[in-house]
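Residue numbers (our numbering), protein chains in the order written: chain A, 1 to 111; chain B, 112 to 222; chain C, 223 to 333.
Virtual Cβ for every residue (Gly too), placed ideally from N, Cα, C.
Please read these numbers as outputs of a predicted model, since none were measured by experiment.
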Amino acid sequence: MAALIEMADYHQAHLILTTGGTKLSLRDITPEATRQVIDREVPGFPELIRVSLRAGGLMSALFRGTAGLRGQTLIINLPGSPQGVSKAMLALIPELEAALFSIQGRDTFTE
Amino acid sequence: MAALIEMADYHQAHLILTTGGTKLSLRDITPEATRQVIDREVPGFPELIRVSLRAGGLMSALFRGTAGLRGQTLIINLPGSPQGVSKAMLALIPELEAALFSIQGRDTFTE
Amino acid sequence: MAALIEMADYHQAHLILTTGGTKLSLRDITPEATRQVIDREVPGFPELIRVSLRAGGLMSALFRGTAGLRGQTLIINLPGSPQGVSKAMLALIPELEAALFSIQGRDTFTE
Chain A
1 MAALIEMADY HQAHLILTTG GTKLSLRDIT PEATRQVIDR EVPGFPELIR
51 VSLRAGGLMS ALFRGTAGLR GQTLIINLPG SPQGVSKAML ALIPELEAAL
101 FSIQGRDTFT E
Chain B
112 MAALIEMADY HQAHLILTTG GTKLSLRDIT PEATRQVIDR EVPGFPELIR
162 VSLRAGGLMS ALFRGTAGLR GQTLIINLPG SPQGVSKAML ALIPELEAAL
212 FSIQGRDTFT E
Chain C
223 MAALIEMADY HQAHLILTTG GTKLSLRDIT PEATRQVIDR EVPGFPELIR
273 VSLRAGGLMS ALFRGTAGLR GQTLIINLPG SPQGVSKAML ALIPELEAAL
323 FSIQGRDTFT E
């Protein structure tokens, strides 16, 4: 959590991607930790990831990841498995450019 | 926010639709303002809107809108663009009648 | 709510399914009651249920149900109608085995 805050506030990262810690075991607390550092949730990203996992034949409901903004830094939780990350990234990439533009107040894409 | 409360509590509106303020810039705080005036969230409406945006070739993950109930008033955030509002409304309309019946405790439709 | 807590903490149930109380009338407060007893939400389950209701020609946006973990007990809200429960269960079953394994820290399935 301290690492997320440092990357967002000190290094002013535009985008932070995390992997893993998103399933159901007692140690899977990435979404809760992420929620503590973001100001505003962006539920469409985890939703899109679950759609892509489902379409790719992977378990989708188990993915508890979230996404949100800390100021102008976008933080997105990804699944832990390489296959899950791959499916998720393919689904996210078409929307990431629009997201990063929107964060800067430049709305060249239509929602 | 005061306007939402007045429409819901004083004018007892059955349905309030807002547009815009739902993306990622620092000024996009409609979902947070809406969450402050509702008692119970209705996550299926924003989910359905994102499905319709995606199906319509628009950016879907950027739409952060929410929906919820303040007493018996249903408040739904819509996107800001005319195309987004159009796609969203087409998706919502088939469920709106059932929603307004359900709010009154008249469950003639099946969930 | 006391019943949920007793089943989870005293009887150490692995899985609790509730039905009904998930729509929009003033008495529909199952999601809010559930949220009070869970530690961590699992939004993928209600999302999957809404996808299945939509695919089955039922109202989907009206389903406000949630799901989450209380320790190692998984609690999932189901719709109130027999048709809704049937559609929801068919969609959930393929992911339930993976979910129950994941809760025990045994990740044999890929998200």
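Within-8 Å CB hit, residue i to chain A
i, result
"Glu206/B", "no"
"Arg151/B", "no"
"Ser136/B", "yes"
"Asp231/C", "no"
"Ile325/C", "yes"
"Asp250/C", "no"
"Ser197/B", "no"
Cβ-Cβ separation, residue j to residue i (assumed contact under 8 Å), whole Å
i, j, result
"Leu180/B", "Ile204/B", "Not really, about 19 Å apart at Cβ, beyond 8 Å."
"Leu74/A", "Leu15/A", "5 Å"
"Gln36/A", "Leu137/B", "With 8 Å as the limit, Gln36/A and Leu137/B do not qualify as a contact, their Cβ atoms being about 20 Å apart."
Spatially closest choice to residue i from the options, by CA coordinates
i, options, result
"Ile49/A", "Phe101/A, Thr34/A and Thr66/A", "Thr66/A"
"Phe63/A", "Ile227/C, Tyr232/C and Glu317/C", "Glu317/C"
"Ile298/C", "Leu322/C, Ala277/C, Leu248/C and Met281/C", "Leu322/C"
"Ala88/A", "Leu58/A, Gly105/A, Glu97/A and Arg106/A", "Leu58/A"
"Pro193/B", "Thr129/B, Ile140/B and Asp139/B", "Thr129/B"
"Gly195/B", "Gly131/B, Glu152/B and Arg138/B", "Gly131/B"
"Val264/C", "Leu24/A, Thr34/A, Leu4/A and Pro43/A", "Leu24/A"
Cα-Cα separation, residue i to residue j
i, j, result
"His122/B", "Ser52/A", "43 Å"
"Arg165/B", "Glu228/C", "42 Å"
"Ser282/C", "Ala320/C", "25 Å"
"Gly105/A", "Ala224/C", "47 Å"
"Ser197/B", "Ile251/C", "31 Å"
"Leu189/B", "Thr22/A", "29 Å"
"Arg40/A", "Glu143/B", "8 Å"
"Thr145/B", "Ala230/C", "33 Å"
"Gly155/B", "Gly266/C", "12 Å"
"Pro268/C", "Glu158/B", "11 Å"
"Ala124/B", "Gly167/B", "30 Å"
"Gly191/B", "Asp107/A", "11 Å"
"Leu115/B", "Ser324/C", "43 Å"
Neighbour flag for residue i against chain C, beta carbons, 8 Å
i, result
"Leu189/B", "no"
"Phe174/B", "no"
"Ala124/B", "no"
"Ile127/B", "no"
"Gln147/B", "no"
"Glu6/A", "no"
"Met1/A", "no"
"Glu143/B", "no"
Paired residues, beta bridge with residue i - DSSP
i, result
"Ile298/C", "Leu239/C and Ala289/C"
"Arg262/C", "Leu291/C"
Residue i: CB within 7 Å of a non-hydrogen atom of the ligand GTP
i, result
"Lys134/B", "The ligand GTP is absent from the structure shown, which contains no ligands of any kind."
Cutoff 8 Å: residue i Cβ touching any chain B Cβ
i, result
"Met311/C", "no"
"Pro43/A", "yes"
"Arg272/C", "yes"
"Leu53/A", "no"
"Leu69/A", "yes"
"Gln72/A", "yes"
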